[in-house]
Amino acid sequence: HCNQHCNRQHTSYLSRSDHRNMIIPVRCFTCGKVIGNKWETYLSLLQADFSEGDALDELGLRRYCCRRMLLTHVDLIEKLLNYNTESAEGVADDD
C-alpha cells in the first residue's frame with residue numbers, strides 16, 4: 401500500500417515540475433528579497449518585447465543585486481538531469 405501511495409505522490413510531483421524547467425534562487429543572495437516568483441513573469445515580459453531593464457523595472461526590482469539575480473541566471477536543469485547518480489555510485493564501488 402505504501403509503495404503505491406509513494407509512487408503516486410512521486411509521479412504527481414514529477415508531472416507538476418515538468419512544466420517548470422528552472423532552478424532560480426528563491427531569494428536574492430545579497431539582500432534576501434524574494435525573487436523566485438518573478439522568473440516566469442520576467443520571461444513573459446521579455447517575450448512581449450520589453451527590454452531587460454524595462455522588464456526588471458516593471459517587476460519592481462530596483463536594487464542592482466536583485467537585478468543581477470535575474471539577468472545572470474543560467475537555466476541548468478536540463479543539463480543536470482542528464483547525470484545519473486546510480487551510475488556514479490557504481491564507479492565508486494569498483495575501486
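Taking the numbering used here, the leading residue of the sequence shown gets 401, the next gets one more, and so forth. We put the CB at the ideal spot given by N, CA and C, even for glycine.
Residue span of the alpha helix (DSSP H) that contains THR441, given as start and end: Where THR441 is concerned, the enclosing alpha helix (DSSP H) stretches over 439 to 447.
Endpoints, the alpha helix (DSSP H) within which CYS466 is located: 464 to 471
For VAL434: DSSP bridge partner residues: Bridge partners of VAL434: ARG427.
At least three beta-carbon pairs within less than 8 Å, the stretch 431 to 448 to the stretch 478 to 487: no
Sequence-distant residues of the same chain with beta carbon closer than 8 Å to CYS402, five excluded per side: The predicted position of CYS402 is uncertain, since its pLDDT is 48 and thus under 50; a value taken from the coordinates is nonetheless stated next. In its own chain, leaving out the 5 sequence neighbours on each side, no residue places its CB closer than 8 Å to the CB of CYS402.
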